[in-house]
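Written out below as structure tokens is the structure these notes cover.
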Amino acid sequence: MKVFEKAPAKINLSLDVLHKRQDGYHEVEMIMTMVDLADRLEMRELPRDTIIISSQVGYIPVDEKNLAFQAARLIKEKYDVRKGVYIHLDKKIPVAAGLAGGSSDAAATLRGLNRLWGLGLTVRELMELGEKLGSDVPFCVRGGTALATGRGEKLQPLPSPPQGWVILAKPPINVSTADIYGRLRADQIDRHPSIPDMIRALREGDFAGICSSLGNVLEDVTLQVYPEVLRLKQCMQKLGADGVLMSGSGPTVFGLVAKQAKALKIYNGLRGFCNEVYAVRLLT
Ligand code: ATP
């Protein structure tokens, strides 16, 4: 028996930080949506009671540090499943890029093992399990578009954006999410994105309104430390993207474009400038 699951990448249309909490986490307000760039997971039953992870890329861990491994162990222990599983991760989402690749793999593992082992868990139960693995995992379990509050784990579904294209470009640098949050002075943020404006644009299917409401308070922090991210942003703006923003803590920059022809023009223009560039659709 085997099952397949797709694990799409997420982008933040809005990312706001309200304050730092007593427990050390930041209180956030984020609007997240999925894009059609996905890892593919194959999950196969094993005769031995063990979890084995493999991937075609050599630069991610395949032991208990892998979020898919942690997801498999969690669901196995919680529901006392005495069976083994082999999980192959066909990685397509750039790693440590601000696109929640690991979280989406964890979410896909929970969905896949629920089917493989016939556990009959609801999406809500899978989301509750996901919360134990990371703040972005509940969103990745459910997918779609949502407003995330708290640490990012409290979700309110929103309408998905209208059809459109996303150009994703990742400069060849590694950015640590913890480092960027560590540098952020939550009480000194001078430009907060307007979450109500983004929600209104999504509700009205207003692509131009979505583009003009994009905002991420982590962007200024990352741009200061890594000027190449700023250059990439400027390049995407010059090539004519309708809206441009850094995703999560970076370093991936995404451009939203309504028309396919323009998306291809930007994609081609960026390829000479940056190795990792993708032109994909927004998941509607
Ligand atoms: P986020 O946006 O949630 O901060 P990210 O997109 O920036 O995540 P990931 O691609 O999830 O970052 O990878 C972050 C780190 O997690 C990597 O350095 C990698 O070693 C580790 N990791 C664990 N499991 C996975 C996985 N399944 N895929 C990719 N990286 C993983």
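For reference, each letter of the sequence shown is one residue, going 187 to 470 in my numbering. For each residue, glycine too, the CB sits at the ideal point set by N, CA and C.
Which residues in the same chain as residue i place their Cβ atom closer than 8 Å to its Cβ, once the five residues preceding and following it in sequence are excluded?
{"i": "residue 277", "result": "225, 241, 242, 243, 246, 287"}
{"i": "residue 320", "result": "253, 288, 289, 292"}
Taking residue i as the reference, give the member of the options with the closest Cα.
{"i": "residue 233", "options": "218, 437, 187", "result": "187"}
{"i": "residue 344", "options": "358, 205, 337, 329", "result": "329"}
{"i": "residue 325", "options": "266, 294, 300, 400", "result": "294"}
{"i": "residue 267", "options": "275, 283, 248, 236", "result": "236"}
{"i": "residue 468", "options": "274, 272, 410, 197", "result": "197"}
{"i": "residue 271", "options": "258, 283, 281", "result": "258"}
{"i": "residue 192", "options": "279, 211, 375", "result": "279"}
{"i": "residue 274", "options": "210, 190, 331, 214", "result": "190"}
{"i": "residue 210", "options": "460, 446, 337", "result": "337"}
{"i": "residue 227", "options": "221, 269, 255", "result": "255"}
{"i": "residue 391", "options": "412, 371, 445, 350", "result": "350"}
{"i": "residue 304", "options": "248, 445, 261, 205", "result": "261"}
{"i": "residue 306", "options": "364, 265, 427", "result": "265"}
{"i": "residue 322", "options": "308, 206, 340, 371", "result": "340"}
{"i": "residue 223", "options": "281, 309, 315", "result": "281"}
With DSSP as the reference, label residue i as helix, strand or coil.
{"i": "residue 310", "result": "helix"}
{"i": "residue 229", "result": "strand"}
{"i": "residue 278", "result": "coil"}
{"i": "residue 235", "result": "coil"}
{"i": "residue 353", "result": "strand"}
{"i": "residue 197", "result": "strand"}
{"i": "residue 217", "result": "strand"}
{"i": "residue 345", "result": "coil"}
{"i": "residue 367", "result": "helix"}
{"i": "residue 336", "result": "strand"}
{"i": "residue 465", "result": "strand"}
{"i": "residue 321", "result": "coil"}
{"i": "residue 191", "result": "strand"}
Which same chain residues, not among the five before or five after residue i, have their C-beta less than 6 Å away from its C-beta?
{"i": "residue 396", "result": "347, 387"}
{"i": "residue 425", "result": "452, 455"}
{"i": "residue 430", "result": "419, 422, 423, 441"}
{"i": "residue 283", "result": "356, 438"}
{"i": "residue 383", "result": "399"}
{"i": "residue 369", "result": "407"}
{"i": "residue 436", "result": "284, 361, 408, 415"}
Leaving out five residues on either side along the sequence, give the residues of the same chain with a beta carbon under 7 Å from the beta carbon of residue i.
{"i": "residue 453", "result": "353, 463, 465"}
{"i": "residue 312", "result": "296, 297, 300, 327"}
{"i": "residue 414", "result": "357, 359"}
{"i": "residue 459", "result": "421"}
{"i": "residue 461", "result": "358"}
Is the shortest distance between the beta-carbon of residue i and the beta-carbons of chain B less than 7 Å?
{"i": "residue 469", "result": "Judged by its chain identifiers, the structure shown contains no chain B, having just a single protein chain."}
Collect the residues with a C-beta less than 6 Å away from any heavy atom of the ligand ATP and give them in sequence order along the chain.
-> 246, 247, 251, 252, 253, 254, 275, 281, 282, 283, 284, 285, 286, 287, 288, 289, 291, 322, 363, 434
How about the segment 346 to 365 and the segment 438 to 449: do they share at least three Cβ pairs that are nearer than 8 Å?
-> yes
Segment contact, 8 Å Cβ cut-off, at least three pairs: the segment 195 to 209 with the segment 397 to 408 | yes
Please determine if the segment 375 to 384 and the segment 408 to 425 are in contact, where contact requires at least 3 C-beta pairs separated by less than 8 Å.
-> no
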